Structure formats: structure tokens, C-alpha cells
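Asker:
This is how it looks when you write it as C-alpha cells:
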């Protein structure tokens, strides 16, 4: 192997290991429990969180999935994951054709600045996701008093 | 367990309606310490279910990642007059429930 | 000539005392800002949402407790107060109780009613019931300006409260005035220092993840400057509450507030 190719290969394997761990990887065993290894595509899901959270103990969250919510084509479930919380699977929501609209609003705890990911499972067996980054100055779980 | 539900009193058949629930519960994370340094045991509502005339139209698995006094808002299609019944259970096995009726016209 | 001068001096002194008090307002009436002005948009929106504001759970519990009989005489608050609205009551607290001559806050008034009129036991500070009843009573004054009196017997308590507000304490040797008069609006770590007003209490505080009384908040401040926290119900807190009410005169009541 030429020396140039060897060095390029080495650089590639060292590239940003931190980021790979931080994002929700479709092969992450946590997500794998839901997807069974199926591909998770970016799209259809919109995850809205404030860019800067007032307080990590109560951060408003909105998850919307673009779906007609009919018997033939609907969202079966939405799974919410945290990058940094001690409990990474924050919540799962189970919908169905009777929902009419795939939108959930809630308030979550965030233990520090991080990316939150929402994965939606559709009735056709496909998986879609979106992520949102939040800056949290007063963390839940970690800042105690 | 105190809880508030917001369900429209009336709706038209087929209308997509907004449902909101707020439950009084500390959602104790299990990571906090008391005044003398002992870890306060985790106790969160782990399942929340909504039945509309007996049929489950919404369910959520919750964790310590959901804020204290959990708030959830979702949607459902108004089909027939009747009742919305919410039930939930926490890690200590304490169950809560709340009910609200709806009149569906058309 | 001397008599006229003396009379003039007397009038001048009285005017000076009144204006002196007004001048001593570190934050003039026109510049008062409620704590909600220092919240981020999400927490402010939460406070303004009557359904989602977690503090409303306690207000609604208070409404139920208002009608529940308690104690040996099987009376409820509503039994005596059925025809009197509580609107405006909290806006005039703390106030002097005519019968005992003592300074009362809403919590102590509720407990006095329970022990002396209902034959029931007093409710502990920070108990679910006392928070609920206090929040319910305060909520009846929603939007009304704080108008607590510092005249007559209240004057001595006001002076004591004012002295306490300006007294340095704790390891950090700070007084309330250092942060809330001289440095409000500036940042302390990641927070913006508020003016320190009592108009939204009892309040749902994110740090507690539950509802708490004004005294709990004062204790948290004392803890923050590494000063000794006095027991709940201490006279020093009551006097300070009266001073804070005077200082916040005109600010509308917002209970239940949502705070960090």
C-alpha cells in the first residue's frame, strides 16, 4: 500500500469518533430495540425544542410527524431519545389512525446541553427521525439543591 | 393524585380535537438527595393511557426525563359522545385516573 | 417669629419624612418589574397558561379545601366566608391582626382561623394544604396591585423589615439590597438577578420542582449567601415580607408564579 493511501485511511478511521457516539445511530442498541436494524431516515418528523432552555427541569417539546393518519398510513409510535440524560429513552408515545394528527406536546428534563432525537415508526414499517440541539445552562438531574 | 384534563365539551363528528392532561406527581428522578444526603428513591409515572369509550387512543411510556407534574398534549378524532378515561401508574404501583365526557354532534 | 419658624420646621419635617420614605425607594414605583419580566419566553408562557401552569394544581386544590370541613367544629373556610369574596385580601397582606396586635401573613391568618375558629390543628409551612390554601387566597387577588399598609402598629415591623433587608449577613456578607437594589438586571452566573418582589408567591419554582411559599424562597436566598436560615414563621421573615410588600407596592399579584 502506498504511504499516502495508508495515511488517508488512518485519518478516516480517526475522524470524529466523538460525534458518532453522540448522535442517535440507527445501529445504537437503544434504537435497535425499536427498529431491529431497519434504516432510520431523516424526514417526516419535526422536533421542536427551544435553542436555549430557561431551565433544564421543564423544557417544552413538540414532536410532529407528517402523516395522513389514516388506517392505511399512520404513525404507530414515536420514541424520544436523549444524548446526555441518565435515562436515554425519555419517552415513547403510541398513536394510531384514531389520532387524526401526529403531534405531541410535553415538557421534558434535560441534563445539560445536548441533542434530542425523535424516531417515528410508521404503519408501513419505515422509521424516520429528527434531532434538535438545546443549550441548557441549569441542568436537570445533575444540578441539585 | 390530582390531575386536570382539558377535553372540548362538544365537537363535530370527525373533528380532530386537542386533549391536554396535567398530573400532579413529583416524577422523582432517583438522582436527587435529601437534606441529610440520602438518595431519594426514583418514582415516576411510567405509563399513561387514554381510552375513548373504552378504546385506547393514546398511550405513553414516561420516564424521569419527563418534567415533574407531567404535561402531555395530543390529538384524537371525535367519533361519538361518551367518555375519555385517563389512567396512569407510577413506580410504586399507585394508580391514578381521571374522566371527562364529550358530546359529539353530527 | 419663633413660633412660625417652629411650625414651619414641623411641617417641613413631616413633609421630609414622607418624601424621605418615597426617596428611599431604591427602585422607584415606575421602574418596578415583576419576576416574570426576568423569565425566558418559555417559562413566561407556562406561567400564563392557566391549564399548564403547574402552580394551578395547588390553586385548584385550595379551592376544594376551602369547602372541606376541618377540626372539632366541623367548619370549612366557606362556612364563614361563604358570602365574602377573598378578592383583594392577599393584596393587603402582611397586615396587623386587630385582636392580637401581631403582624400576620396569609399563612398565619389561615392557621389562626383554623386553630381559633375551626378547632383544627395548624398547617405546617410547605405542607400541601397550606400551600394550596395560600395559593388559592392569593389567586383571588390576581391582577390587583399590592397595597399593604405600613401605618400604625405595622410601622415598627416595616422599620424592622427594612433594617433586615439592608443588613449584611452570611459568609458572603451580603444584604438583600446588594443584589436586588444595586444589581438587578445584571447576571449572576447564568441567571439574571430580579428585583426580588413577592407578588407571585406561592410560586412553582423549577429548582424545587414544586410549589413553595415566599418564606421558602427567602430561606433559599439566605442559603445562597451562606447565611443561617431562620425557622419558618420567624418574626424576621414576617417583618421582611411586609417591607417587601411595601417595596413592591403597586405591582399586580400574579400567583401562582413560575420561577426558576
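Protein chains in written order, with our numbering: chain A, 800 to 944; chain B, 64 to 169; chain C, 726 to 985. Just so it is clear, CB atoms sit at the ideal spot from N, CA and C, and this is done for glycine as well. Only a predicted model underlies this, so the values are computations on that prediction, with no experimental measurement involved.
(1) Spatial neighbours of residue 160/B within its chain, please: CB distance less than 8 Å, with the 5 preceding and 5 following residues excluded, ordered by chain position.
(2) DSSP on residue 70/B, reduced to helix/strand/coil?
(3) Where does residue 980/C sit, in a helix, a strand or coil, going by DSSP?
(4) Taking only beta-carbon atoms, is residue 856/A less than 8 Å away from chain B?
(5) At least one CB of chain A closer than 8 Å to the CB of residue 163/B: is that the case?
(6) Residue 866/C touches chain A at which residues, Cβ-Cβ below 8 Å?
(7) Checking the sheet assignment: what are the DSSP bridge partners for residue 168/B?
(8) Does the distance from the CB of residue 897/A to the CB of residue 139/B come in under 8 Å?
(9) Would you tell me roughly how many angstroms separate the C-alpha atoms of residue 786/C and residue 858/A, rounded to the nearest one?
(10) Between which residues of its own chain and residue 845/C is the CB-CB distance below 6 Å, once the five residues before and five after are set aside?
(11) Once the 5 residues before and after residue 875/C are set aside, which same chain residues still bring their CB inside 6 Å of it?
(12) Under a CB-based cut-off of 8 Å, is residue 168/B close to chain C?
(13) Is there contact between the segment 86-98 of chain B and the segment 866-883 of chain A, where contact requires at least three CB pairs shorter than 8 Å?
(14) Along chain A, in chain order, which residues have C-beta atoms closer than 8 Å to that of residue 139/B?
(15) Going along the chain, which residues of the segment 89-110 of chain B sit with their C-beta nearer than 7 Å to a C-beta in chain A?
(16) Which residues bound the alpha helix (DSSP H) around residue 748/A?
(17) Are the segment 958-968 of chain C and the segment 854-864 of chain C in contact at 8 Å, needing three or more beta carbon pairs?
(18) Say whether chain C places a C-beta atom closer than 8 Å to the C-beta of residue 123/B.
(19) Roughly how far, in whole angstroms, is the beta-carbon of residue 790/C from the beta-carbon of residue 857/C, given that I think they are within contact range, below 8 Å?
(20) Which residues, in chain order, does the segment 931-956 of chain C contribute to contact with chain B at a C-beta distance below 8 Å?
(21) Using DSSP bridges, identify the partner residues of residue 884/A.
(22) At the level of alpha carbons, what is the spacing between residue 927/C and residue 124/B?
(23) List the endpoints of the continuous alpha helix (DSSP H) containing residue 802/C.
(24) In whole angstroms, what separates the C-alpha of residue 914/A from that of residue 934/A?
(25) What are the start and end residues of the beta strand (DSSP E) that includes residue 927/A?
(26) Please determine, among 99/B, 122/B, 165/B, 108/B, the residue with the shortest C-alpha to C-alpha distance to residue 142/B.
(27) Could you work out which residues of chain A lie near residue 127/B, taking near to mean beta carbons separated by less than 9 Å?
(28) Where do the ends of the beta strand (DSSP E) carrying residue 124/B lie?
(29) Should the segment 889-896 of chain C be regarded as contacting the segment 929-944 of chain C, the criterion being three or more beta carbon pairs within less than 8 Å?
(30) In the DSSP assignment, the beta strand (DSSP E) including residue 750/C goes from what residue to what residue?
(31) Would you say residue 779/C lies against chain B (beta-carbon separation less than 8 Å)?
(32) In the DSSP assignment, find the alpha helix (DSSP H) that holds residue 890/C and state where it starts and stops.
(33) In its own chain, which residues sit with a C-beta less than 6 Å from the C-beta of residue 799/A, not counting the 5 before and 5 after it?
(34) I need the boundaries of the beta strand (DSSP E) containing residue 876/C, first residue and last residue.
(35) What residues are listed by DSSP as bridge partners for residue 144/B?
(36) Within the same chain, show all residues whose beta-carbon is closer than 6 Å to that of residue 910/A, passing over the 5 residues directly before and after it, in chain order.
Answerer: To lay it out plainly:
(1) Closer than 8 Å at Cβ, skipping near neighbours: 148, 149, 150, 151.
(2) Taken through DSSP and simplified to helix, strand or coil, residue 70/B comes out as coil.
(3) Judged by DSSP in its simplified three-state form, residue 980/C adopts coil rather than helix or strand.
(4) Yes, its Cβ sits closer than 8 Å to a Cβ of chain B.
(5) Residue-level contact by beta carbon fails for residue 163/B and chain A, as no gap is shorter than 8 Å.
(6) Within 8 Å Cβ-Cβ: nothing; residue 866/C doesn't reach chain A, min ~26 Å.
(7) Its beta-bridge partners are 75/B.
(8) Yes, the Cβ-Cβ distance between residue 897/A and residue 139/B is below 8 Å.
(9) Rounded to the nearest angstrom, the two C-alpha atoms are 25 Å apart.
(10) Same-chain partners within the cutoff: 795, 796, 839.
(11) So the list reads 883, 971, once near-sequence residues are dropped.
(12) Taking Cβ atoms only, chain C never reaches closer than 8 Å to residue 168/B, which makes this a no.
(13) With a cut-off of 8 Å, the segment 866-883 of chain A and the segment 86-98 of chain B do not count as touching, because too few Cβ pairs lie within range.
(14) Simply 897, 898, 899.
(15) For the segment 89-110 of chain B, which is checked against every Cβ of chain A, the residues closer than 7 Å are 92, 94, 95, 96.
(16) This structure gives no information on residue 748/A, because the portion of chain A shown stretches from 800 to 944.
(17) The segment 958-968 of chain C is not in contact with the segment 854-864 of chain C.
(18) For residue 123/B, the answer is no, since every Cβ of chain C falls outside 8 Å of its Cβ.
(19) Rounded, the Cβ-Cβ distance is 6 Å, consistent with contact.
(20) Taking 8 Å as the Cβ-Cβ cut-off against chain B, the residues of the segment 931-956 of chain C that qualify are 934, 935.
(21) The partner list for residue 884/A (beta bridge, DSSP) is empty, contrary to what the question assumes.
(22) The straight-line gap separating the alpha-carbon atoms of residue 927/C and residue 124/B is approximately 32 Å.
(23) Where residue 802/C is concerned, the enclosing alpha helix (DSSP H) stretches over 802-806.
(24) Rounded to whole angstroms, residue 914/A to residue 934/A spans 9 Å at the Cα level.
(25) That run of the beta strand (DSSP E) goes 926-935.
(26) For residue 142/B, the nearest C-alpha among the options comes from 165/B.
(27) In chain order: 884, 885, 886, 889, 908, 939, 940.
(28) Residues 118-125.
(29) No, they do not touch.
(30) Secondary structure note for residue 750/C: it is in no beta strand (DSSP E), with a DSSP letter that is neither H nor E.
(31) Yes, its Cβ sits closer than 8 Å to a Cβ of chain B.
(32) For residue 890/C, the enclosing alpha helix (DSSP H) begins and ends at 879-891.
(33) Not covered by the structure: residue 799/A. The range shown for chain A is 800 to 944.
(34) Where residue 876/C is concerned, there is no enclosing beta strand (DSSP E), because DSSP gives it neither an H nor an E.
(35) Per DSSP, none; premise fails for residue 144/B.
(36) Excluding sequence neighbours, residue 910/A sits near 883, 884, 938, 939, 940, 941.
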